[in-house]
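Participant:
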């Protein structure tokens, strides 16, 4: 399967997954809970790779922010990362037993990362109607998400409105989701990886 830009590579559970960020803006996420000793931005980007990163931005509850190097990278969240050249993040999966990730999404716009299941030694693209099943409809039969946007920054650019042709969510990428009503977003990943 083609993942736009170089795909993440499994380099063994001891080391993790290499995620290559391309020149310019990237949306970056982790599909899995990371090892607690290697979960911060300073941990996943080596000193050499940090020199290639111009800025990292997060977006939560309607506010842009600049994360600190000690901020944890968590499943279901995404960050904008601007790179000069290419930069590699090393994601080291947790060896602890964990349940699928959970995140509360407010009404309005949120920046999310997908958490597809780990199957046959990799994370694969997943149709968004399946990846976002937990936020399609909220309690009381109300509408959850109404639109999903994949900006064209080093990933395919597209917009999806409920009822339109279904697009795929790619692992290690990020997406904008518009929620009509607040809901809880669940991922499909657990650790340790088998």
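In our numbering, the protein residues as written are 121 to 314. Ideal Cβ positions, reconstructed from N, Cα and C, are used throughout, including at glycine. This structure is a prediction, so every number in the text was calculated from the model and none was measured.
Runs of 3 residues minimum, wholly inside the segment 184-258: which ones carry the beta strand (DSSP E) assignment?
Facilitator: Within the segment 184-258, the complete beta strand (DSSP E) runs of at least 3 residues are 199-203, 207-211, 222-225, 228-232.
Participant: DSSP on residue 300, reduced to helix/strand/coil?
Facilitator: In the chain shown, the residue the question calls residue 300 occupies position 180. Of the three classes helix, strand and coil, the one that applies to residue 300 here is coil, per DSSP.
Participant: From residue 172 to residue 259, what does the alpha carbon distance come to, in whole angstroms?
Facilitator: On the chain shown, residue 172 is found 52 positions in, with the first residue counted as 1. On the chain shown, residue 259 is found 139 positions in, with the first residue counted as 1. One C-alpha to the other measures close to 44 Å.
Participant: Determine the DSSP secondary structure at residue 167, reduced to helix, strand or coil.
Facilitator: Residue 167 sits at position 47 when you count from the first residue of the chain shown. Of the three classes helix, strand and coil, the one that applies to residue 167 here is helix, per DSSP.
Participant: Please return the same chain residues whose Cβ sits closer than 6 Å to the Cβ of residue 204, not counting the five positions on each side in sequence.
Facilitator: Here residue 204 refers to the residue found at position 84 when the chain shown is read from its first residue. Answer for residue 204: 172, 174, listed in chain order.
Participant: In the structure shown, what three-state DSSP assignment does residue 262 receive?
Facilitator: One-based indexing of the chain shown puts residue 262 at position 142. Reduced to three states, the DSSP call for residue 262 is strand.
Participant: DSSP beta-bridge partners for residue 306?
Facilitator: Translated into the one-based positions of the chain shown, residue 306 becomes position 186. Its beta-bridge partners are 222.
Participant: Among 280, 138, 143, 282, whose alpha-carbon lies nearest the alpha-carbon of residue 274?
Facilitator: To locate residue 274, count along the chain shown from 1; it is residue 154. Of the candidates 280, 138, 143, 282, the one whose C-alpha sits nearest the C-alpha of residue 274 is 143.
Participant: In or out: residue 304 buried (at least 16 other Cβ within 10 Å) or exposed?
Facilitator: Position 184 of the chain shown, counting from 1, holds the residue named residue 304. The residue in question, residue 304, is exposed, as its Cβ has fewer than 16 Cβ neighbours within 10 Å.
Participant: To the nearest angstrom, report how far apart residue 286 and residue 158 are at their CA atoms.
Facilitator: For this step, residue 286 is matched to residue 166 along the chain shown. For this step, residue 158 is matched to residue 38 along the chain shown. Rounded to the nearest angstrom, the two C-alpha atoms are 35 Å apart.
Participant: Relative to the C-alpha of residue 148, which residue among 156, 164, 155 is closest?
Facilitator: As a working mapping, residue 148 is identified with position 28 in the chain shown. The option with the nearest alpha carbon to residue 148 is 164.
Participant: Rounded to whole angstroms, what is the Cα-Cα separation between residue 195 and residue 261?
Facilitator: By 1-based counting over the chain shown, the position of residue 195 is 75. By 1-based counting over the chain shown, the position of residue 261 is 141. Cα-Cα distance, rounded: 27 Å.
Participant: So, under 8 Å CB-CB, residue 288 and residue 245 are touching, yes? Tell me the CB distance rounded to an integer number of Å.
Facilitator: As a first step, residue 288 is located in the chain shown; it is residue number 168 there, counting from the start. As a first step, residue 245 is located in the chain shown; it is residue number 125 there, counting from the start. Correct: roughly 4 Å between the Cβ atoms.
Participant: At the level of alpha carbons, what is the spacing between residue 199 and residue 297?
Facilitator: Along the chain shown, read from residue 1 onward, the residue named residue 199 stands at position 79. Along the chain shown, read from residue 1 onward, the residue named residue 297 stands at position 177. If I take the Cα positions, the gap works out to 14 Å.
Participant: I'd like the span of the beta strand (DSSP E) that includes residue 148, first residue to last.
Facilitator: Locating residue 148 in the chain shown gives position 28, where the first residue counts as 1. 144-148 is the extent of the beta strand (DSSP E) around residue 148.
Participant: Between 177, 227, 221, 169, which lies nearest to residue 251 when the distance is taken from Cα to Cα?
Facilitator: Taking the first residue of the chain shown as 1, we reach residue 251 at position 131. Cα-wise, what sits closest to residue 251 is 221.
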